[in-house]
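There are 2 protein chains.
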Amino acid sequence: VPRRIDADERRRDIAARAAALVARNGTEGLSFRSLAAAGGVSTTSITHYFADKKALLQSAYHAAVDQARVRVAELPGEDDPGRLAALCEAVLPLDPPRSDNWRTWLAFFGLAVSEPDMTQVQRRRVTGHRALLAEAVRAGQRLGTVHPGREAEREARALLALTHGIAVEAAFDPDDWPADRQRDLVARHVAGLARPE
Amino acid sequence: VPRRIDADERRRDIAARAAALVARNGTEGLSFRSLAAAGGVSTTSITHYFADKKALLQSAYHAAVDQARVRVAELPGEDDPGRLAALCEAVLPLDPPRSDNWRTWLAFFGLAVSEPDMTQVQRRRVTGHRALLAEAVRAGQRLGTVHPGREAEREARALLALTHGIAVEAAFDPDDWPADRQRDLVARHVAGLARPE
Numbered sequence: 001v002p003r004r005i006d007a008d009e010r011r012r013d014i015a016a017r018a019a020a021l022v023a024r025n026g027t028e029g030l031s032f033r034s035l036a037a038a039g040g041v042s043t044t045s046i047t048h049y050f051a052d053k054k055a056l057l058q059s060a061y062h063a064a065v066d067q068a069r070v071r072v073a074e075l076p077g078e079d080d081p082g083r084l085a086a087l088c089e090a091v092l093p094l095d096p097p098r099s100d101n102w103r104t105w106l107a108f109f110g111l112a113v114s115e116p117d118m119t120q121v122q123r124r125r126v127t128g129h130r131a132l133l134a135e136a137v138r139a140g141q142r143l144g145t146v147h148p149g150r151e152a153e154r155e156a157r158a159l160l161a162l163t164h165g166i167a168v169e170a171a172f173d174p175d176d177w178p179a180d181r182q183r184d185l186v187a188r189h190v191a192g193l194a195r196p197e
Numbered sequence: 198v199p200r201r202i203d204a205d206e207r208r209r210d211i212a213a214r215a216a217a218l219v220a221r222n223g224t225e226g227l228s229f230r231s232l233a234a235a236g237g238v239s240t241t242s243i244t245h246y247f248a249d250k251k252a253l254l255q256s257a258y259h260a261a262v263d264q265a266r267v268r269v270a271e272l273p274g275e276d277d278p279g280r281l282a283a284l285c286e287a288v289l290p291l292d293p294p295r296s297d298n299w300r301t302w303l304a305f306f307g308l309a310v311s312e313p314d315m316t317q318v319q320r321r322r323v324t325g326h327r328a329l330l331a332e333a334v335r336a337g338q339r340l341g342t343v344h345p346g347r348e349a350e351r352e353a354r355a356l357l358a359l360t361h362g363i364a365v366e367a368a369f370d371p372d373d374w375p376a377d378r379q380r381d382l383v384a385r386h387v388a389g390l391a392r393p394e
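Line by line, the protein sequences are chains L and V. Position 113 (the first sequence) corresponds to 113 in our numbering; numbering is contiguous. When you read off a place in the second sequence, starting at 1, and then add 197, the result is the number in our numbering.
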């Protein structure tokens, strides 16, 4: 049904534009009007696809999550010893697109504090990525890059927390966190997993 | 000049009440009116101390920072081997007051994305706390609890990023991050610093 596919694509395109606007101007800077003024889409088509600002905001958040998901899907598989670090790098603000994703997410943290459904989305994002990391830790144990005595769930939790901490700090202070420094800290942590705890 | 001291105290009290309201309802839930409605302060005294909502918001953010600063000031000194972990625990959401501080800060992340002066405040908070951690790492090296070959600035950076990552995840999902689990992850990381990298 090509028509439906076009509609989904159009909706996703608007959501991605909204995410980029939130990354620049925060959630308060997003409105049907400001999005149309940013170019590429008319208020008529925005109102066609989104009932209100809240629906647009949620789709913008999901657009940033989807962009990260695409990066994760393109990563090397479980038999690649680089997968563990790569899973972290997929969500680190190492380049402008990933920095924009983080600025969008941070803008939403402000809403998530008081909006239970946004909090739920945020929780699922954490537990989903943590599960992928735990699988990669276990794969590393099979490959010999992670010490067999280490507890996969706990190591995944620590590694994701480290990654999120770097990302949040780097999003506010990119000069303090050049890409090499972000990668180096993750690489050292991952290398340490080869030793017993 | 007791009169001035009273005024400063009154201003700080209002800011602390505003911070608590932001922790519950986000920055959009804070107004002169909603703060007065929450009790303990009249709109007249709020308008006496704060020019506009932005000034009130910034003071609320600083009130949460000041609460963390008081906890840090009460910590054991540099000759105490527990100082390194304690510096992290001072900013982890281990109990309701610290969880509230984080909910206030997260609410502000949304504003900081688009407000350069809030971004500056956020940067200073990170670099200030990181400097305290680096001092504690060097003290640990003198005390023998941190391996002498480790690089203090880098270890401080990693430890603060881990702490911030735990805190951000825990603020959105307290059930997933009971206090013991937060402490355990930091304690394991700190214990690992005794070994060579």
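Note that beta-carbon positions come from the ideal geometry of N, C-alpha and C, so glycine has one too.
Spatially closest choice to Leu390(V) from Gly346(V), Ala368(V), Arg321(V), by CA coordinates:
Gly346(V)
Run through the stretch 51-78 of chain L for me and flag every whole alpha helix (DSSP H) of 4 or more residues, listed as ranges in chain order.
53-73
Examine chain L for any beta-carbon lying closer than 7 angstroms to the beta-carbon of Phe369(V), and answer yes or no.
It does; some Cβ of chain L falls within 7 angstroms.
Give a yes or no on whether 7 angstroms exceeds the smallest Cβ distance from His164(L) to chain V.
yes
Are any of the Cβ atoms in chain L nearer than 7 angstroms to that of Ser256(V)?
Not one chain L Cβ lies under 7 angstroms of Ser256(V).
According to DSSP, is Ser99(L) helix, strand or coil?
helix
Closest residue to Trp105(L) among Phe247(V), Leu359(V), Gly307(V) (Cα-Cα distance)
The option with the nearest alpha carbon to Trp105(L) is Gly307(V).
Which term fits Pro93(L), buried or exposed, when burial requires 16 or more other beta carbons within 10 angstroms of its beta carbon?
buried
Tell me the DSSP secondary structure of Leu340(V) in three-state form.
helix
When the Cα atoms are used, what is the spatial distance from Val146(L) to Phe229(V)?
55 angstroms
Beta-carbon proximity of Thr127(L) to Phe369(V), cut-off 7 angstroms:
Against a cut-off of 7 angstroms, the Cβ pair of Phe369(V) and Thr127(L) comes out as no contact.
Among His164(L), Arg154(L), Asp95(L), Ala15(L), which residue has its Cα nearest to the Cα of Gly40(L)?
Scanning His164(L), Arg154(L), Asp95(L), Ala15(L) for the CA closest to the CA of Gly40(L) turns up Ala15(L).
Output the residue ranges of the alpha helix (DSSP H) runs that lie fully inside the stretch 321-371 of chain V and measure 4 residues or longer, sorted by chain position.
349-369
Just tell me which of Leu75(L), Leu143(L), Ile46(L) has its CA closest to the CA of Asp13(L).
That would be Ile46(L), whose Cα lies nearest to the Cα of Asp13(L).
Backbone secondary structure at Glu394(V) - three-state DSSP
coil
Where Leu122(L) meets chain V, residues with beta-carbon distance less than 7 angstroms
Rather than Leu, the amino acid found at residue 122(L) in this sequence is Gln. Near Gln122(L) (Cβ distances below 7 angstroms), the residues of chain V are Phe369.
Which chain B residues are close to Arg300(V), counting only those with a beta carbon under 8 angstroms from its beta carbon?
Checking the listed chains, one finds no chain B in this structure; the protein chains it contains are L and V.
To the nearest angstrom, how far is the alpha carbon of Leu272(V) from that of Leu284(V)?
Approximately 7 angstroms between the Cα atoms of the pair.
Flag Phe306(V) as yes if its beta-carbon sits less than 7 angstroms from any beta-carbon of chain L, otherwise no.
yes
Counting pairs of Cβ atoms below 8 angstroms between the stretch 347-359 of chain V and the stretch 137-144 of chain L, do you hit three or more?
A contact between stretches requires three or more CB pairs, one per stretch, nearer than 8 angstroms, and the stretch 347-359 of chain V fails this requirement with the stretch 137-144 of chain L.
Work out the CA separation of Arg195(L) and Gly279(V) for me, nearest whole Å.
24 angstroms
Do three or more CB pairs link the stretch 250-259 of chain V to the stretch 328-339 of chain V at distances below 8 angstroms?
no
According to DSSP, simplified to helix, strand and coil, what is Glu312(V)?
coil
Would Ala85(L) and Val72(L) qualify as a contact pair, given that the criterion is a beta-carbon distance under 7 angstroms?
Not in contact: Ala85(L) and Val72(L) (Cβ atoms no closer than 7 angstroms).
How would you call Thr224(V), buried or exposed, if buried means at least 16 neighbouring beta carbons within 10 angstroms?
buried
Along the stretch 20-44 of chain L, where does the CB come closer than 9 angstroms to a CB of chain V? Name the residues.
Val22, Ala23, Arg24, Asn25, Gly26, Thr27, Glu28, Gly29
How about Leu281(V): is its C-beta nearer than 7 angstroms to some C-beta of chain L?
no
Alpha carbon to alpha carbon, how far is Leu356(V) from Arg10(L)?
Spanning the alpha carbons of Leu356(V) and Arg10(L) requires a straight line of approximately 43 angstroms.
To the nearest angstrom, how far is the alpha carbon of Ala167(L) from that of Trp102(L)?
So the two alpha carbons sit approximately 7 angstroms from each other.
From Asp52(L), Asp100(L), Glu135(L), Ala36(L), residue whose alpha carbon lies closest to that of Asp66(L)
When only C-alpha atoms are compared, the closest one is Asp100(L).
According to the Cβ coordinates, are Glu78(L) and Ala139(L) closer than 7 angstroms?
yes
Cutoff 8 angstroms; reference Arg188(L); Cβ partners in own chain excluding five residues on either side:
none
Buried or exposed, going by whether 16 or more other CB atoms sit within 10 Å of the CB of Thr124(L)?
The question names Thr, yet the displayed sequence has Arg at residue 124(L). Counting Cβ neighbours within 10 Å, Arg124(L) comes out exposed, since fewer than 16 surround it.
How many angstroms separate the CA atom of Ala260(V) from the CA atom of Glu394(V)?
38 angstroms
Quick check on Val365(V) - is its C-beta less than 7 angstroms from some C-beta in chain L?
Against chain L, the CB of Val365(V) has a partner CB under 7 angstroms away; the residue lies at that interface.
Within the 7 angstroms Cβ cut-off, does Thr316(V) reach chain L?
yes
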